[in-house]
Amino acid sequence: MKIHSLFLIILCLGSIFISFSNASETTTIENNGIIMTITIVDAYYTALDPDGLEDDVVSHFTLNFESDNFDDIFYDLDISLILPSETSFDYHYDLSTSVFDLSYTIYFYNHATENGWYTVQITGTIFQGGFASDIVEYTFDPPGGTPGGNPLSVLILE
Numbered sequence: 059m060k061i062h063s064l065f066l067i068i069l070c071l072g073s074i075f076i077s078f079s080n081a082s083e084t085t086t087i088e089n090n091g092i093i094m095t096i097t098i099v100d101a102y103y104t105a106l107d108p109d110g111l112e113d114d115v116v117s118h119f120t121l122n123f124e125s126d127n128f129d130d131i132f133y134d135l136d137i138s139l140i141l142p143s144e145t146s147f148d149y150h151y152d153l154s155t156s157v158f159d160l161s162y163t164i165y166f167y168n169h170a171t172e173n174g175w176y177t178v179q180i181t182g183t184i185f186q187g188g189f190a191s192d193i194v195e196y197t198f199d200p201p202g203g204t205p206g207g208n209p210l211s212v213l214i215l216e
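Per this note's numbering, the sequence shown starts with residue 59, numbered consecutively.
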């Protein structure tokens with residue numbers, strides 16, 4: 059009986075852990091025969107710059123395109139990091155591609171300065187014979203907050 063009870067306790071604790079762990083978040087946008095899928099894979103805090111403070115945020119996301127008549131696709135990404143105070147750092151990118159699968163990393167230097175839940179928000183817009191857009195969000199909780207230098211963002215296509 060003790061083994062059965064121990065198994066149930068471990069199973070319950072595992073279920074609690076799984077329910078609180080982040081999973082990737084995805085949205086799909088369709089416009090004029092083009093499908094764009096945005097998936098935020100993860101987001102977390104770390105120390106990236108020489109100040110040594112864990113006040114930087116990294117987020118990885120992917121873009122996947124499908125199209126029957128594939129030329130260069132013109133699209134915008136509006137990427138925001140929203141702090142617990144609802145302060146939003148917003149970055150806009152005008153982009154084009156002829157590649158189907160793209161992986162990006164965005165670095166938010168000196169942004170994690172507050173305690174609480176942070177949200178990475180990406181609005182994707184396709185411009186082909188009109189436009190269509192949608193939003194995907196990923197929420198996480200960096201422990202603590204440390205005031206650092208001036209916020210800076212860098213978007214890297216991998």
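Virtual Cβ for every residue (Gly too), placed ideally from N, Cα, C.
None of these values were measured; they are calculated from a predicted model.
Minimum C-alpha distance to residue i - residue among the options
i: residue 92; options: 196, 198 and 157; result: 157
i: residue 177; options: 162, 160, 199 and 163; result: 199
i: residue 106; options: 97, 98, 117 and 96; result: 117
Buried or exposed by the 16-neighbour rule on C-beta atoms within 10 Å, applied to residue i
i: residue 104; result: exposed
i: residue 90; result: exposed
i: residue 124; result: exposed
i: residue 110; result: exposed
Beta-carbon contacts of residue i that lie in its chain and below 7 Å, excluding the five residues immediately before and after
i: residue 152; result: 134
DSSP three-state assignment for residue i, whether helix, strand or coil
i: residue 122; result: strand
i: residue 157; result: coil
i: residue 84; result: strand
i: residue 150; result: strand
i: residue 114; result: strand
i: residue 168; result: coil
i: residue 89; result: strand
Residue i at chain D interface by Cβ criterion, 7 Å
i: residue 103; result: No chain D is present in this structure, which holds just one protein chain.
Residues of its chain near residue i, where Cβ-Cβ distance is below 8 Å and the 5 sequence neighbours each way are ignored
i: residue 154; result: 130, 131, 132 and 133
Residue i and residue j closer than 7 Å at C-beta
i: residue 175; j: residue 197; result: yes
i: residue 27; j: residue 137; result: This structure cannot settle anything about residue 27, because the visible part of the chain is limited to 59 through 216.
Contacting residues, own chain, Cβ-Cβ under 6 Å from residue i (five flanking each side not counted)
i: residue 120; result: 97 and 161
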